[in-house]
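For reference, the structure discussed in these notes is given below.
Residue numbers (the working numbering), protein chains in the order written: chain A, 1 to 133; chain B, 1001 to 1141.
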């Protein structure tokens, strides 16, 4: 049995549709991964499964010192906000706080990844969490 | 780079496939209905090329849209409605253009009736995508 040119073309058309949708899906996934990596809102994949460390009153005290040295110039010494926003009662995750400190916010806040190590960021976060409302 | 570059590029690139797909359906339908007219072949020729160029035009439209949404293929609210029309329309246009390129300007009448039916659905989906795209820009203003 020989297929008409219309039927053959239909098969090719189905393949082209699959390729088009597949290509778009791959491009979408690649762009989403790129956007995540470039964003402060989500950490790189290697830290997705890390557990939040337990913090102590000493961490809070050390975090306050770090805050006064590194953050108070923009967020005010009482963290009520000045050039930067009020940091009391933050309604964002620990992970996001750490990522904002590390990566900064484009055009708004510098990155502190070279100035603060991971342990210091944990202390700083502990202090921010202690601020309450 | 201009932060609104992809938004502008998407706006600039989407209207070509929108217009050409509808134009293609109109000319093909005219060629199909008025088969005995001397210009019927020319109608089909215009339908053929507008479909091929329109389908090629979907590539920059889709790529600029994905760049604009940073790869978000569905989204929420109005963007979701836009995408629910965009993806079937895109797939159908690519399929229709491929079929047309393989078959040529003319095809068996029954097969071409099927083509016109699917092309009508694709043009409708494109119109829906265009409507929700407009709502994304102008909705609530």
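Where a beta carbon is used, it is the ideal one built from N, C-alpha and C, also for glycine.
| Query | Result |
| --- | --- |
| Residue burial classification, residue 1091/B (beta-carbon count within 10 angstroms, cutoff 16) | buried |
| Three-state secondary structure (DSSP) of residue 1022/B | helix |
| Reduced DSSP secondary structure (H/G/I, E/B, other) of residue 109/A | strand |
| Chain B contact for residue 5/A (CB, 8 Å cutoff) | yes |
| Helix, strand or coil at residue 132/A [DSSP, three-state] | coil |
| Endpoints, alpha helix (DSSP H) assigned at residue 1088/B | 1077-1103 |
| Beta-carbon spacing of residue 1135/B, residue 1078/B below 8 Å | yes |
| Length of the line joining the Cα atoms of residue 1040/B and residue 1098/B | 22 Å |
| CA nearest to the CA of residue 1050/B, picked from 1068/B, 1017/B, 1131/B and 1007/B | 1017/B |
| Enclosing alpha helix (DSSP H) for residue 1043/B [first to last residue] | 1040-1068 |
| Buried versus exposed, by CB contacts within 10 Å (16 or more), residue 1132/B | buried |
| Buried/exposed call for residue 47/A, threshold 16 Cβ in 10 Å | Low per-residue confidence applies at residue 47/A: pLDDT is 49, beneath 50, and the placement is therefore not dependable enough to give any value. |
| C-beta neighbour in chain B for residue 8/A, strict 8 Å | yes |
| Beta-carbon gap between residue 1137/B and residue 1115/B smaller than 8 Å | no |
| 8 Å Cβ cutoff met for residue 1069/B and residue 1094/B | no |
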